[in-house]
Ligand SMILES: [Zn+2]
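In the working numbering, the protein residues as written are 1087 to 1290.
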C-alpha cells in the first residue's frame, strides 16, 4: 500500500469515527455531568470537534509543510467555521417540529465540514513549495562559499575541488533539523547518515 493511500484510509477512519465518538461522549456527559439533553449535546458537539481537530492533525501532520501562516490560518479556521455552524444550528432549533437537539447536532456537522474543507485548502502545497524546501543549499566544504548554481564542483573562492557527493552530503547534514516533518528529507538523512558512518569509523 502506498503511504498516501494508507494516509487516506486513516483520514476516512478519523471522519467515520466522529459520530461514534459523538455518541460515546454524549452518553458519558449526559449520565455523569449535564442531565439536560440540550446542554449536553452542545458540550458534546464542542468536545467532538476538539477530538476531530487532534485526529485530523495527527493523520496529516507529516504530509503538510508547516509554516507560521498555515498554523495561524488553521487556528483561525476553527473560529470562522463556528460562524455558519452557530447560524445553522440556531436556525434548525427555531424550526417547529424539530427537537431542540437538532441545533447542536447539525451545527456540529456544519462546523466539521467547514473546518475540514478549510484545512484542505490551507494545507494544500503551492507550486514549487516542496522542491524549494528540499533543494539543498550547496556550500564549499572548506570555506563555506555558496556554490548554488555553479556548473562545476570547484570553489571559485578558495579553489577547493570537491566531489558532488561530498557537497550534497554536507548540504543535507546542515539541513538535517530543518525538514524534520518531511518524509523525503528523512529518507535522505538516513541515507546520508549510513553513507557517512564508514567514513567516521575509518577516521577514528
Ligand atoms: Zn571554498
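The beta-carbon is built from N, C-alpha and C at its ideal position, and this holds for glycine as well. Note that the coordinates shown come from a computational prediction; the quantities given were computed from them, not determined experimentally.
Discussion item. For residue 1152 and residue 1190, I'd like the C-alpha separation in whole angstroms.
Written reply: 32 angstroms
Worksheet item: Excluding five sequence neighbours on each side, which residues of the same chain lie with their C-beta closer than 8 angstroms to the C-beta of residue 1200?
Response: 1163, 1166, 1167, 1170 and 1171
Worksheet item: Any idea what DSSP makes of residue 1093, helix, strand or coil?
Response: helix
Worksheet entry | Cβ neighbours of residue 1254 in the same chain (closer than 7 angstroms, five flanking residues each side left out) | 1222
Practice prompt. Could you check which residue in 1185, 1242, 1197 and 1226 has the C-alpha nearest to that of residue 1136?
Written response: Of the candidates 1185, 1242, 1197 and 1226, the one whose C-alpha sits nearest the C-alpha of residue 1136 is 1197.
Worksheet item: Under the three-state reduction of DSSP, which class applies to residue 1121: helix, strand or coil?
Response: Under the three-state reduction of DSSP, residue 1121 is assigned to coil, being neither helix nor strand.
Item to complete: Within 10 angstroms of the Cβ of residue 1098, are there 16 or more other Cβ atoms? Answer buried if so, exposed if not.
Response: exposed
Worksheet item: Do residue 1225 and residue 1257 have their CB atoms nearer than 8 angstroms?
Response: yes
Worksheet item: What span of residues does the alpha helix (DSSP H) with residue 1147 cover, start to end?
Response: Residue 1147 -> no alpha helix (DSSP H), and no H or E assigned at all.
Fill in: Spatial distance of residue 1268 from residue 1120 (CA atoms)
Any reading at residue 1268 needs caution, since the residue's pLDDT is 49, under 50, leaving its predicted position unreliable; the model's value is listed next. Distance between the alpha carbons of residue 1268 and residue 1120 is about 44 angstroms.
Worksheet entry | Where residue 1095 falls, given that 16 or more other Cβ within 10 Å makes a residue buried | exposed
Practice prompt. Taking only runs that begin and end inside the segment 1156–1232, name each unbroken alpha helix (DSSP H) of 4 or more residues, in chain order.
Written response: 1168–1180, 1188–1208 and 1215–1220
Fill in: Which listed residue (1202, 1246 and 1235) has its alpha carbon closest to that of residue 1145
Nearest C-alpha to residue 1145: 1202.
Fill in: Top-ranked residue by Cα proximity to residue 1157, from 1243, 1234 and 1205
Its Cα nearest to that of residue 1157, the residue 1205 stands out among 1243, 1234 and 1205.
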